[in-house]
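Some notes on the structure that comes next.
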Amino acid sequence: MKCPFCKEEIQDGAVKCKHCGSMLNGSNAGTGGSQSSSDKERNTALILSFFLGWLGLHRFYVGKIGTGILMAFTMGGFGFWNLIDFIKLWQGKFADSNGRLLIKK
Numbered sequence: 017m018k019c020p021f022c023k024e025e026i027q028d029g030a031v032k033c034k035h036c037g038s039m040l041n042g043s044n045a046g047t048g049g050s051q052s053s054s055d056k057e058r059n060t061a062l063i064l065s066f067f068l069g070w071l072g073l074h075r076f077y078v079g080k081i082g083t084g085i086l087m088a089f090t091m092g093g094f095g096f097w098n099l100i101d102f103i104k105l106w107q108g109k110f111a112d113s114n115g116r117l118l119i120k121k
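Positions 17 to 121 (our numbering) are the ones given, in order, by the sequence shown.
Structure, rendered in structure tokens:
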């Protein structure tokens, strides 16, 4: 079975897509379905984190302005904060400012 939102292969009878985090089986009723995943791309945020993560640009990209400014002033949390964000982006567990997982393209 394929997820109707991200088109990735998922288990039959799954309640939530493990790739994009979308709730399945009618549990997105009233939200239009696509609201469970962000309109921001994971690969773009991943590239921004890799090259300019010490400035927090990946956080600005996903709408987390406050923590982006904090990252810029601390040079990515002295590198550790950026490393954690990079790993979360790589795993697909990084969310935008509305708590929605980034889409994979």
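Backbone N, C-alpha and C fix where the C-beta goes; we use that ideal spot for every residue, glycine too. Note that the structure is predicted; figures quoted are calculated from it, not measured.
Going straight from the alpha carbon of residue i to that of residue j, what length do you get?
i: residue 95; j: residue 70; result: 6 Å
i: residue 108; j: residue 61; result: 11 Å
i: residue 88; j: residue 28; result: 44 Å
i: residue 18; j: residue 58; result: 20 Å
i: residue 83; j: residue 65; result: 13 Å
i: residue 72; j: residue 38; result: 27 Å
i: residue 40; j: residue 26; result: 11 Å
i: residue 91; j: residue 63; result: 17 Å
When the distance is taken between beta carbons, is residue j closer than 8 Å to residue i?
i: residue 54; j: residue 21; result: no
i: residue 124; j: residue 36; result: Beyond the ends of the chain as shown, which are 17 and 121, falls residue 124; an answer cannot be given.
i: residue 23; j: residue 112; result: no
In this structure, how does DSSP classify residue i when only helix, strand and coil are distinguished?
i: residue 86; result: helix
i: residue 40; result: coil
i: residue 53; result: strand
i: residue 18; result: strand
i: residue 30; result: coil
Does residue i get closer than 8 Å to chain D when you measure Cβ to Cβ?
i: residue 116; result: No chain D appears in the structure shown, which is made up of a single protein chain.
Would you call the stretch 29-37 and the stretch 79-87 touching, i.e. three or more CB-CB distances under 8 Å?
With a cut-off of 8 Å, the stretch 79-87 and the stretch 29-37 do not count as touching, because too few Cβ pairs lie within range.
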